[in-house]
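Numbering (the working numbering), first residue to last: 51 to 364.
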């Protein structure tokens with residue numbers, strides 16, 4: 051029987067963030083704005099979210115053997131994350147993300163992957179026992195796709211629940227989709243995978259059904275302030291989210307995925323777990339930064355989760 055432990059396999063980046071009135075168009079220079087650095091990376095954000103929300107988490111990632119890499123390692127340990135399987139690359143730097151955030155909280159991100167792009171199968175070998183004994187494996191796409199496929203295949207064959215956050219958007223092999231328990235695209239990613247335009251709840255539902263038809267067991271399309279659409283191949287449900295004043299959406303998807311994994315590891319049904327995840331993400335968008343925006347469990351305890359109710363999508 052698998053444990054409640056969550057294994058996160060993914061990226062770590064140092065986020066360099068500029069807050070501006072608007073995101074520049076090509077050729078434009080914007081002089082206004084403030085700057086700060088914050089630990090980020092989709093894998094790291096999700097691992098920190100799991101830890102802060104009460105989950106037991108092992109993080110597998112590759113860092114540069116540099117100042118940022120050492121800072122990351124110390125930070126993860128301070129969050130209570132198991133860092134046994136962090137790998138350090140002597141030849142390549144830690145990943146860096148350049149992020150612009152506008153006055154409405156929307157962002158534009160460019161990532162220099164560094165060591166993240168060299169997290170390979172052989173780096174996973176020593177952690178296979180952890181994966182085999184986990185309850186959930188959570189992955190994203192800021193590491194090489196063959197590594198993602200390797201981990202998903204290994205976990206699926208051992209009946210470990212697989213959650214894939216398909217971000218950043220990329221084409222996904224059919225054989226990999228068939229091994230995924232829960233796929234969590236946003237509307238852009240859902241559109242790319244399904245080949246359908248996704249603009250609202252109805253179109254998200256159609257795209258989710260199309261993706262399920264590709265072999266994914268459950269699809270959860272995150273729609274920002276509109277909530278999330280759940281599909282099991284037949285039935286569609288909308289989980290609403292609490293409306294908040296958005297400051298920065300940078301890590302909202304990562305918080306959602308980390309919270310989803312925690313709730314599922316505690317035995318919640320998918321709909322209730324999505325509601326929990328929506329609430330965590332709603333808190334995160336009210337704050338600047340990636341990991342600096344991730345809430346702790348006691349912040350969610352104070353919120354009535356029944357504000358995020360579920361309704362069928364027609």
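We put the CB at the ideal spot given by N, CA and C, even for glycine. Since the structure is predicted, the reported quantities are computational estimates derived from the model, not experimental observations.
| said: Let me check understanding here. Comparing Cα to Cα, which of 202, 251 and 328 lies closest to residue 301? | reply: The residue given as residue 301 occupies position 251 in the chain shown. Checking every option, the nearest Cα to that of residue 301 belongs to 328.
| If we ignore side chains and look at the alpha-carbon of each, how far apart do residue 105 and residue 79 end up? | Your numbering for residue 105 matches position 55 in the chain shown. Your numbering for residue 79 matches position 29 in the chain shown. About 43 Å.
| query | So residue 320 is in the alpha helix (DSSP H); what residue range does that whole segment cover? | reply | By 1-based counting over the chain shown, the position of residue 320 is 270. For residue 320, the enclosing alpha helix (DSSP H) covers residues 320-334.
| query | Quick one: any contact between the segment 287-295 and the segment 306-317, if contact means 3 or more CB pairs under 8 Å? | reply | Two segments are said to touch when three or more pairs of C-beta atoms, one from each, lie closer than 8 Å; by this definition the segment 287-295 does not touch the segment 306-317.
| request: Please specify which runs of the alpha helix (DSSP H), each continuous and at least 4 residues long, are wholly inside the segment 172-222, giving them in chain order. | output: As summarised for the segment 172-222, the continuous alpha helix (DSSP H) elements at least 4 residues long and confined to that stretch are 178-183 and 195-207, given in chain order.
| request: Report the three-state DSSP secondary structure of residue 447 (helix, strand or coil). | output: The structure shown does not extend to residue 447, since the chain is modelled only from 51 to 364, so the question has no answer here.
| query | Straight-line CA distance for residue 176 to residue 135? | reply | The residue given as residue 176 occupies position 126 in the chain shown. The residue given as residue 135 occupies position 85 in the chain shown. Between the alpha carbons of residue 176 and residue 135 lies a gap of roughly 7 Å.
| task | For the alpha helix (DSSP H) containing residue 122, list its first residue and its last residue. | result | Here residue 122 refers to the residue found at position 72 when the chain shown is read from its first residue. That run of the alpha helix (DSSP H) goes 117-128.
| request: Classify residue 245 as buried or exposed, calling it buried when 16 or more other Cβ atoms lie within 10 Å of its own Cβ. | output: As a working mapping, residue 245 is identified with position 195 in the chain shown. By the neighbour-count definition (other C-beta atoms within 10 Å, threshold 16), residue 245 is an exposed residue.
| query | Taking the C-alpha atoms as reference points, what is the distance between residue 333 and residue 77? | reply | For the purposes of this step, residue 333 is taken as the residue at position 283 of the chain shown. For the purposes of this step, residue 77 is taken as the residue at position 27 of the chain shown. Distance between the alpha carbons of residue 333 and residue 77 is about 35 Å.
| message | Let me make sure I understand the geometry here. Which of 297, 242 and 122 has the alpha-carbon closest to that of residue 132? | response | For the purposes of this step, residue 132 is taken as the residue at position 82 of the chain shown. Taking only the C-alpha atoms, the option nearest residue 132 is 122.
| query | How long is the line joining the alpha carbons of residue 342 and residue 200, rounded to whole angstroms? | reply | What you label residue 342 is simply residue 292 of the chain shown in a count that begins at 1. What you label residue 200 is simply residue 150 of the chain shown in a count that begins at 1. If I take the Cα positions, the gap works out to 31 Å.
| task | Let me know the secondary structure DSSP gives residue 299 once reduced to three states. | result | Indexing the chain shown from 1 puts residue 299 at position 249. Residue state, collapsed to three classes: coil.
| request: Decide if the segment 202-211 is in contact with the segment 179-187; the criterion is three or more beta carbon pairs, one per stretch, under 8 Å apart. | output: With the rule of 3 Cβ pairs closer than 8 Å, the segment 202-211 counts as touching the segment 179-187.
| message | Can you give me the C-alpha to C-alpha distance between residue 141 and residue 256, rounded to a whole angstrom? | response | To locate residue 141, count along the chain shown from 1; it is residue 91. To locate residue 256, count along the chain shown from 1; it is residue 206. In this model, residue 141 and residue 256 are separated by some 45 Å (Cα to Cα).
| query | Is it right to say residue 179 is buried, meaning 16 or more other beta carbons lie within 10 angstroms of its own, or is it exposed? | reply | As a working note, residue 179 is residue 129 in the chain shown. The residue in question, residue 179, is exposed, as its Cβ has fewer than 16 Cβ neighbours within 10 Å.
| said: Within the continuous alpha helix (DSSP H) that includes residue 287, where are the two ends? | reply: Position 237 of the chain shown, counted from the first residue, corresponds to residue 287. Here residue 287 belongs to no alpha helix (DSSP H); instead the beta strand (DSSP E) covers 286-289.
| query | Do residue 68 and residue 150 come within 7 Å of each other at the CB atom, strictly closer than that value? | reply | By one-based count along the chain shown, residue 150 stands at place 100. By one-based count along the chain shown, residue 68 stands at place 18. The answer is yes: Cβ separation under 7 Å.
| query | Between residue 116 and the rest of its own chain, which residues show a CB-CB distance below 6 Å, the 5 nearest in sequence each way excluded? | reply | One-based indexing of the chain shown puts residue 116 at position 66. Taken in chain order, the residues that qualify are 143 and 144.
| request: Determine the closest residue to residue 120 out of 139, 324 and 55, with distance taken between C-alpha atoms. | output: Here residue 120 corresponds to residue number 70 of the chain shown, with the count starting at 1. Of all alpha-carbon atoms in 139, 324 and 55, the one lying nearest the alpha-carbon of residue 120 is that of 139.
| query | What's the C-alpha gap between residue 102 and residue 156? | reply | Residue numbering aside, residue 102 sits at position 52 when the chain shown is read from its first letter. Residue numbering aside, residue 156 sits at position 106 when the chain shown is read from its first letter. Each residue's Cα considered, the two are about 24 Å apart.
| Applying the criterion that 16 or more other CB atoms from any shown protein chain within 10 Å of the CB defines a buried residue, is residue 164 buried or exposed? | In the chain shown, the residue the question calls residue 164 occupies position 114. Counting C-beta atoms within 10 angstroms of its own C-beta, residue 164 has 16 or more neighbours from the protein chains shown and is therefore classed as buried.
| request: For the alpha helix (DSSP H) containing residue 226, list its first residue and its last residue. | output: Start at 1 with the first residue of the chain shown, and residue 226 comes out as number 176. In the DSSP assignment, residue 226 falls within the alpha helix (DSSP H) that extends over 224-227.
| query | Are the beta-carbon atoms of residue 71 and residue 82 separated by less than 7 Å? | reply | Counting from one through the chain shown, the residue named residue 71 turns up at place 21. Counting from one through the chain shown, the residue named residue 82 turns up at place 32. With respect to residue 82, residue 71 sits close: the two C-beta atoms are nearer than 7 Å.
| message | Taking a contact to mean a Cβ-Cβ separation below 7 Å, would you say residue 261 touches residue 229 in this structure? | response | Along the chain shown, one-based indexing puts residue 261 at 211. Along the chain shown, one-based indexing puts residue 229 at 179. No.
| request: Could you check how far apart the C-beta atoms of residue 239 and residue 216 are, in whole angstroms? I think they sit under 8 Å. | output: Along the chain shown, one-based indexing puts residue 239 at 189. Along the chain shown, one-based indexing puts residue 216 at 166. About 5 Å separates the two Cβ atoms, so the contact holds.
| Exposure of residue 315, with buried meaning 16 or more beta-carbon neighbours within 10 Å | Here residue 315 corresponds to residue number 265 of the chain shown, with the count starting at 1. Buried: at least 16 other Cβ atoms inside 10 Å.
| query | By Cβ distance, which residues of its chain are closer than 6 Å to residue 339, with the 5 residues on each side in sequence left out? | reply | Translated into the one-based positions of the chain shown, residue 339 becomes position 289. Once the five neighbours on either side are set aside, the close Cβ partners of residue 339 are 88.
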